[in-house]
Amino acid sequence: MRIFAALMGVVFSATAAAAESTGSSLIFPYLEGKDYVVLDTPVPTSSPNKIEVVEVFSYLCSHCYHFDPILSAWMKQQKPDVALVQVHASWSPAMEPYQRGFYVAQALKVKDKAHAAIFSAIHKDQKELKDAQAWADFLSVYGANKQAVITAYNSDAITKQLAQANQLFRSYQISGTPELVVEGKYRISTRFVGTQEDMLKVVQYLVNKARAERGAK
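For the sequence shown, the positions run -18 to -1, 1 to 199 when mature numbering (1 follows the signal peptide of the UniProt record, and there is no 0) is used.
Have a look at this one:
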């Protein structure tokens, strides 16, 4: 009996450790209404074949600046069935130039190269990117054509993307940035769990949950 009890203790400890490392918390699962909320109306995801994790952020948000490398490191550990979608929030006129800049960088395919540098320029160097010319000068360093940036900045296509982003922001019922939404229905915030690292543990649990649900169908 003592040997059996000892073996069970080892299994219990290993299981708990594995759960902690992945954030899946098999023994003490994260709780709806406490660690995350379920949206009353799910929002359609952009890719049904992927488990979608949406980050709602702003370049002007210092918390988002500190969260960006943490989120990037987490994404590198994910399986190919997980997709990250970033939505730039805007709830004041001062935020719109940065929202436009994000979607221009994304449209011109320089966002991945420029993203961290944009954060650093704003929060470390106190750089202001308030108009098309400022964005053109900045993004040209990362491969964008200056005239293409200026043309895109106030284009109907980018304005439409801003409208779509603002609609998503409202549909997700975001209360601040950064916040994360898994599968268009689970919203996670540091307001629920405390730290950004803890927020990602809950996200990992929900990603694992979504994967299990997909596999059961």
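Heads up, the beta-carbon is just placed ideally off N, CA and C, and yes, glycines get one too. Since the model is a prediction, treat every value here as computed from it, not as a measurement.
Here the region 185 to 196 makes contact with the region 162 to 174; the two share three or more CB pairs at distances below 8 Å. Restricted to the region 43 to 131, the alpha helix (DSSP H) segments that are unbroken, complete and at least 4 residues in length are 44 to 58, 78 to 89, 93 to 105 and 114 to 122, listed in chain order. Rounded to the nearest whole angstrom, the C-alpha separation of proline 160 and glycine 176 is 13 Å. Around the Cβ of glycine 83, a 10 Å sphere holds 16 or more other Cβ atoms; the residue is buried. Of the other Cβ atoms in all chains shown, 16 or more fall within 10 Å of the Cβ of glutamine 81; this residue is therefore buried. Here the C-alpha atom of alanine 126 lies approximately 32 Å from the C-alpha atom of glutamine 178. By the 16-neighbour rule on beta-carbons within 10 angstroms, histidine 48 is exposed. Two segments are said to touch when three or more pairs of C-beta atoms, one from each, lie closer than 8 Å; by this definition the region 95 to 110 touches the region 34 to 46. Scanning its chain for C-beta atoms nearer than 7 Å, with the 5 sequence neighbours on each side dropped, one finds around alanine 96 the residues Ala87, Leu121 and Tyr124, in chain order. The C-alpha of alanine 71 lies about 19 Å from the C-alpha of valine 92.
When DSSP states are grouped into helix, strand and coil, leucine 162 belongs to the strand group. Buried is the label assigned to glutamate 34, since at least 16 other Cβ atoms lie within 10 Å of its Cβ.
With distances taken between CA atoms, threonine 133 lies nearest to Asp113 out of Arg152, Phe151, Gln149 and Asp113. Going by beta carbons, glutamine 143 and tyrosine 187 fall outside the 8 Å limit. Contact annotation: valine 184 and aspartate 17 have beta-carbon atoms nearer than 8 Å. When rounded, the separation of the alpha-carbon atoms in alanine 130 and glycine 197 is 44 Å.
For tyrosine 18, DSSP records a beta bridge to Glu14. With 16 or more neighbouring CB atoms inside 10 Å of its own CB, valine 36 falls in the buried class. In the three-state reduction of the DSSP assignment, isoleucine 170 falls in the strand class. Residue environment: valine 69 is assigned as buried (16 or more neighbouring CB atoms within 10 Å of its CB, all protein chains considered).
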